[in-house]
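Participant:
Residue numbers (the numbering used here): 2 to 550.
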């Protein structure tokens with residue numbers, strides 16, 4: 002069977018091949034998209050490619066600047082082999098095809114280079130205008146910049162290319178790129194019309210005009226003389242400026258969907274600049290957009306690098322958390338024990354454990370630590386260690402809870418707490434249980450075919466240092482089945498936002514407990530998967546099942 006591919010021509014990285022599978026691919030500017038575009042004219046979640054029974058479908062996700070196939074804008078399009086996809090106005094292109102990736106017909110035409118060569122050849126035979134540069138030459142500077150930026154991206158070279166193109170189009174003597182920090186703008190790059198780099202010590206601008214462009218959010222062009230209201234400004238007088246152009250740079254921050262003014266492309270001169278035509282202003286505005294794109298791209302690269310570091314740390318934390326779970330379930334005569342724990346995509350705070358106890362045949366614990374992430378996992382490990390120590394020393398469950406509660410209060414912040422259910426039984430099924438603010442456990446009674454609900458017996462651990470916990474006697478008889486779970490199970494949601502619920506879980510216990518612990522576990526997981534329909538959940542799912550023979 003032929004494989005479908007996307008061949009992605011990214012000016013920054015060259016051609017990349019992406020085999021398609023039975024999972025959808027989201028295209029956009031967000032760093033969590035499968036294919037990430039670094040262009041301000043691409044929406045954060047711009048489009049997606051979805052597998053169908055016969056192939057793949059391209060869907061536009063209400064993008065601002067459109068999705069195109071073969072140059073025509075599409076909203077929903079059944080992809081055919083050979084379709085050339087363009088996302089927004091980006092220079093990147095995607096070729097959808099099936100079969101041999103190396104075949105000549107599966108090559109993307111380098112249209113950008115063809116257009117560039119055509120423009121440059123035209124400018125060689127057309128006479129220059131009075132300003133010294135024809136319109137086509139001015140366009141070529143923009144195209145030249147876009148091509149070179151795509152070939153090799155670096156912040157310094159990109160800013161230099163932007164300034165060089167802007168200076169040639171405008172006729173200005175100096176150019177700066179500024180980055181906003183709070184209410185101020187700081188130097189990022191500077192260049193003179195003869196190609197000399199300007200250092201930060203040489204950085205000087207008209208702050209009033211920079212502030213005007215920032216506040217109004219539109220370009221300021223004063224190319225043939227400074228307006229009267231600004232002509233007497235001290236900075237303009239001291240620099241003897243006769244022309245200034247300020248273009249605001251807008252891009253989205255990782256925390257906001259709004260494009261804010263976060264930088265300035267600044268040009269000035271002690272003599273008049275060119276009389277800027279409408280085309281000149283459009284070219285300069287486009288260069289400002291590209292400068293903003295460079296900043297956003299830099300920000301995205303940093304975000305991706307930070308995300309890679311975070312994901313490595315998260316993977317280590319997950320591995321550490323997995324290692325804290327029992328590597329083997331206890332083998333206790335007269336009992337069948339099974340367990341399950343599935344964290345969310347973050348490291349979670351749920352755990353189950355079976356600490357050894359001096360006088361009990363079986364001790365089972367299910368806990369749910371507040372919060373998510375590495376801090377929750379660390380607190381889980383502390384609680385596990387403290388419980389293990391108390392049980393090995395022979396403490397009763399209520400004594401163990403008292404001491405662990407005191408330990409949590411002393412060692413953690415006031416907003417950290419844990420709900421915990423523990424049961425300890427002898428070989429004959431006689432024992433005790435304690436529930437510190439944990440959700441109810443279900444005990445199926447084989448003799449009456451009924452479900453007994455074990456409600457919390459005390460408050461959460463970690464809330465009050467002087468809290469005291471009481472254990473309650475329990476007997477697990479022949480054929481009885483106990484289910485202890487975290488609230489991630491009953492609070493799991495379907496696509497409509499409805500919770501799985503305690504009632505649904507209790508009915509499963511009532512119907513399937515007689516078939517044994519393993520069948521009950523499989524039934525719960527099947528019911529949960531069918532209910533959630535693949536929706537990502539926000540809480541861990543953990544449970545332990547104990548069956549008495």
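Positions of the beta carbon are idealized from the N, C-alpha and C atoms, including for glycine.
Can you name the start and end residues of the beta strand (DSSP E) that residue 210 belongs to?
Facilitator: Premise fails: residue 210 lies in the alpha helix (DSSP H), 208-217, not in any beta strand (DSSP E).
Participant: Can you tell me whether residue 513 is buried or exposed, with buried defined as 16 or more other CB within 10 angstroms of its CB?
Facilitator: By the neighbour-count rule (16 or more Cβ atoms within 10 Å), residue 513 is buried.
Participant: In terms of residues, what are the limits of the beta strand (DSSP E) holding residue 260?
Facilitator: Here the beta strand (DSSP E) through residue 260 covers 260-270.
Participant: Within 10 angstroms of its Cβ, does residue 230 collect 16 or more other Cβ (buried), or is it exposed?
Facilitator: Classification for residue 230: exposed.
Participant: Helix or strand or just coil, what does DSSP make of residue 533?
Facilitator: Correct three-state label for residue 533: helix.
Participant: Roughly how many angstroms separate the alpha carbons of residue 551 and residue 423, rounded to a whole number?
Facilitator: Past the edges of the chain, shown from 2 to 550, lies residue 551, and the structure says nothing about it.
Participant: In chain order, what residues of the same chain lie with their CB nearer than 6 Å to the CB of residue 78, ignoring the 5 residues before and after it?
Facilitator: Same-chain partners within the cutoff: 59, 70.
Participant: Taking the CB atoms as reference points, tell me whether residue 463 and residue 418 lie closer together than 8 Å.
Facilitator: Yes. Within cutoff.
Participant: With a cut-off of 8 Å, do at least 3 Cβ pairs link the stretch 429-438 to the stretch 379-395?
Facilitator: With the cut-off at 8 Å, the stretch 429-438 and the stretch 379-395 do not touch.
Participant: DSSP on residue 407, reduced to helix/strand/coil?
Facilitator: The answer is helix: DSSP assigns residue 407 an H, G or I state.
Participant: Which residues in the same chain as residue 473 place their Cβ atom closer than 7 Å to its Cβ, once the five residues preceding and following it in sequence are excluded?
Facilitator: Closer than 7 Å at the Cβ level, and outside the excluded window around residue 473, lie 433, 434, 458.
Participant: If you reduce the DSSP assignment to three classes, tell me which class residue 8 lands in.
Facilitator: Strand.
Participant: Using DSSP with H/G/I as helix, E/B as strand and the rest coil, what is residue 504?
Facilitator: Looking at residue 504 - three-state DSSP - the assignment turns out to be helix.
Participant: Can you tell which of 198, 453, 4 has its C-alpha closest to the C-alpha of residue 100?
Facilitator: Comparing Cα positions, the closest option is 4.
Participant: Going by DSSP, what residue range makes up the alpha helix (DSSP H) through residue 238?
Facilitator: Note, residue 238: alpha helix (DSSP H), 235-240.
Participant: On a Cα-Cα basis, can you pick out the residue from 29, 193, 232 that is closest to residue 591?
Facilitator: In the structure as shown, the chain starts at 2 and stops at 550, and residue 591 therefore has no counterpart that could be examined.
Participant: Can you tell me the Cα-Cα spacing of residue 484 and residue 399, whole angstroms?
Facilitator: So the alpha carbons of these two residues sit roughly 20 Å apart.
Participant: For residue 291, which three-state DSSP category applies?
Facilitator: Helix, per DSSP.
Participant: Per DSSP, residue 341 forms a beta bridge with which residues?
Facilitator: Per DSSP, 544.
Participant: Just checking, does the stretch 79-90 make contact with the stretch 46-55 on the three C-beta pairs under 8 Å criterion?
Facilitator: Judged by Cβ distances under 8 Å, the stretch 79-90 makes contact with the stretch 46-55, as three or more pairs qualify.
Participant: Buried or exposed: residue 527, going by 16 or more other Cβ atoms within 10 Å of its Cβ?
Facilitator: Exposed.
Participant: How big is the Cα-Cα spacing for residue 403 and residue 441?
Facilitator: Straight-line Cα distance between these residues: approximately 20 Å.
Participant: What runs of the beta strand (DSSP E), each 3 residues or longer, lie entirely inside the stretch 34-60?
Facilitator: If we require 3 residues or more, the beta strand (DSSP E) runs fully inside the stretch 34-60 come out as 48-52.
Participant: Can you tell me whether DSSP reads residue 153 as helix, strand or coil?
Facilitator: Confidence at residue 153 is low in this model, with a pLDDT of 49, below 50, so its placement is unreliable and the value that follows should be read with caution. The answer is coil: DSSP assigns residue 153 none of H, G, I, E or B.
Participant: In the DSSP output, what is residue 79 paired with across the bridge?
Facilitator: Answer is 58, bridged to residue 79.
Participant: Rounded to a whole number of angstroms, what is the C-alpha to C-alpha distance between residue 97 and residue 57?
Facilitator: Whole-angstrom Cα-Cα distance: 10 Å.
Participant: Can you give me the C-alpha to C-alpha distance between residue 541 and residue 351, rounded to a whole angstrom?
Facilitator: Their backbone Cα atoms lie some 6 Å apart in a straight line.
Participant: For the structure I just gave you, are there three or more beta carbon pairs, one from the stretch 178-191 and one from the stretch 264-273, closer than 8 Å?
Facilitator: Cβ pair count under 8 Å is three or more, so yes.
Participant: Considering only their Cβ atoms, is the gap separating residue 250 from residue 186 smaller than 8 Å?
Facilitator: No; because the gap between Cβ atoms is not below 8 Å, this pair is not in contact.
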